[in-house]
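Structure record follows, encoded as structure tokens.
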Amino acid sequence: MSNIMDVNKNRIIAFYLPQFHPIPENDEWWGRGFTEWTNVGKARPMFRNHYQPHIPGELGYYDLRLEETRIAQAKMATEYGVDGFAYWHYWFGGKRILERPFNEVLYSGKPDFPFCLAWANETWSGIWHGNPGKVLIEQSYPGREDYLRHYEFARTAFLDNRYMKVDNCPIFMLYRPNNVPGVANFINYWNELAIKDGFNGIHFIALSNNPDAETDDLLKKGFSAVGPNRLANLPSTASFFSKVKRKVLKRPFIMDYKKASRLFIGELERREECYPSIIPGWDNSPRSGNRAMILTDSSPEDFYEHVKEVLHINKNKKNKIILLKSWNEWAEGNYMEPDVKFGRDYLEALQRAIKEHS
Numbered sequence: 540m541s542n543i544m545d546v547n548k549n550r551i552i553a554f555y556l557p558q559f560h561p562i563p564e565n566d567e568w569w570g571r572g573f574t575e576w577t578n579v580g581k582a583r584p585m586f587r588n589h590y591q592p593h594i595p596g597e598l599g600y601y602d603l604r605l606e607e608t609r610i611a612q613a614k615m616a617t618e619y620g621v622d623g624f625a626y627w628h629y630w631f632g633g634k635r636i637l638e639r640p641f642n643e644v645l646y647s648g649k650p651d652f653p654f655c656l657a658w659a660n661e662t663w664s665g666i667w668h669g670n671p672g673k674v675l676i677e678q679s680y681p682g683r684e685d686y687l688r689h690y691e692f693a694r695t696a697f698l699d700n701r702y703m704k705v706d707n708c709p710i711f712m713l714y715r716p717n718n719v720p721g722v723a724n725f726i727n728y729w730n731e732l733a734i735k736d737g738f739n740g741i742h743f744i745a746l747s748n749n750p751d752a753e754t755d756d757l758l759k760k761g762f763s764a765v766g767p768n769r770l771a772n773l774p775s776t777a778s779f780f781s782k783v784k785r786k787v788l789k790r791p792f793i794m795d796y797k798k799a800s801r802l803f804i805g806e807l808e809r810r811e812e813c814y815p816s817i818i819p820g821w822d823n824s825p826r827s828g829n830r831a832m833i834l835t836d837s838s839p840e841d842f843y844e845h846v847k848e849v850l851h852i853n854k855n856k857k858n859k860i861i862l863l864k865s866w867n868e869w870a871e872g873n874y875m876e877p878d879v880k881f882g883r884d885y886l887e888a889l890q891r892a893i894k895e896h897s
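Below, the structure is given as structure tokens:
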């Protein structure tokens, strides 16, 4: 399967979470066998008509150590118009975590489905278990030697013919772009290394929680593009009473999905250097409890309308990249995989919007 970015076609890249298999660290922190499914399965409604728990459909409570599962996911994504997965990648000063699913994809050659890496460069806290104040692994940036070791790992992926590129530049995303000290130096160094390996550089995408304020600065630092995260700004739109209720009474932030989806896209997303997101839903109460943000009454039809809008604003761009948030963030209620309630309806909504646009 080709990884070439056709400039005449929208390219939909879905974020992919690997936290669906046990690892020693999670066994130690949360008990043997802890995975993303642990929080998903124990979720309960917090108010009337709150859709919880979210129960997986045909793929079941899968284990990403199984090649059959990874192949089935890629087949499903291909069928409905997803062009590649952005695997969340964890690098803590040379230590990788949750690396097994991607390692097996990389070294086995299966599935034959395009991919790229998104560095989740953030300190791990206890947020997955409702204890965000507990530091588990500190994200560190030891310097140039560590940047080289990190690149040497990434190079193996970049050289794979499935790796997604723009103008012969491998795509690499940063979750917290401004957390990297002297990030421009990091970008320049990796670009130098990539050019020595026969690439034209790296296509760095900054994922920004404050895009209206920081996009121009990020581009000046050397990022090729910015992926705005409008979800992060939704609580700021709440009324004064809602903010007080959330802080004092410790209630989740709740908004209707249709209303929220109108805020997912701003003028910034119309710029060539900005890659908009499509978002099927959000409810991270399985992870965050009373600190959660919950978008209620999400429906495949509303998602279809949201996708249509994003496809439309992308139509005149050179790099028609769209970030799908996400493929399988089950504990955030942010996924495309079939569940018991909707089956493949969200996938079919995506497919329908793409076909009507083409």
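According to the working numbering, the sequence shown is numbered sequentially starting from 540. Glycine included, every Cβ here is placed at the ideal spot set by N, Cα and C.
If distances are taken between C-alpha atoms only, which option among the options comes closest to residue i?
i, options, result
"K880", "R891, G737, Y843, S838", "S838"
"R790", "K581, T574, R550, M585", "M585"
"F631", "K894, E840, F692", "F692"
"W821", "D651, P681, T695, K864", "K864"
"A696", "I833, P681, E643", "E643"
"E575", "H896, E871, G882", "E871"
"N578", "L889, N858, E868, E887", "E868"
"L698", "R683, L656, E661", "L656"
"I721", "P877, Y686, I818, L862", "Note on residue identity: the sequence assigns Gly, not Ile, to residue 721. Considering only alpha carbons, the answer is Y686."
"F624", "G672, T662, D651", "D651"
"P819", "S747, P877, F792", "P877"
"T742", "E753, L758, A752", "In the sequence as displayed, the identity of residue 742 is His instead of Thr. Checking every option, the nearest Cα to that of H742 belongs to L758."
"L556", "L603, C813, W729", "L603"
"E606", "Y646, W663, H589", "Y646"
In the DSSP assignment, what residue or residues form a beta bridge with residue i?
i, result
"Y555", "Y626"
"S833", "Before going on, a small fix: residue 833 reads as Ile here, not Ser. DSSP output for I833 lists I793, D822 as bridge partner(s)."
"I817", "L863"
"D651", "None, per the DSSP bridge assignment."
"I676", "W663"
"R550", "I860"
"Y619", "Answer is none; Y619 lacks a bridge partner."
"I852", "The partner list for I852 (beta bridge, DSSP) is empty, contrary to what the question assumes."
"K634", "F631"
"H742", "I710"
Under 8 Å by Cβ, that's how I've got residue i and residue j pegged, so tell me the actual separation to the nearest angstrom.
i, j, result
"R639", "H560", "6 Å"
"I676", "M712", "In fact, because the Cβ distance is near 20 Å, the residues do not count as touching under 8 Å."
"F738", "N700", "Not quite, the Cβ-Cβ distance comes to about 13 Å (not below 8 Å), so this is no contact."
"L834", "A799", "5 Å"
"I893", "G620", "4 Å"
"L807", "P750", "6 Å"
"I562", "L862", "The Cβ separation is near 26 Å, so there is no contact."
Assuming contact is defined by CB atoms lying nearer than 8 Å, are residue i and residue j in contact in what I supplied?
i, j, result
"F842", "Y885", "yes"
"F654", "M703", "yes"
"N565", "F573", "yes"
"I804", "V849", "yes"
"M794", "L773", "yes"
"R715", "E661", "yes"
"P595", "A582", "no"
"A764", "E731", "no"
"G761", "N727", "yes"
"R683", "G633", "no"
"Y601", "T608", "yes"
"Y680", "W729", "no"
Is any heavy atom in the ligand GDP found nearer than 7 Å to the beta carbon of residue i?
i, result
"L687", "Ligands in the displayed structure: none, and consequently the ligand GDP is not present."
For the segment 762-800, list the beta strand (DSSP E) runs that are entirely contained and at least 3 residues long, ordered along the chain. 764-767, 792-795
Could you tell me which uninterrupted beta strand (DSSP E) segments, each at least 3 residues in length, are contained entirely in the segment 695-724, listed from first to last along the chain? 708-713
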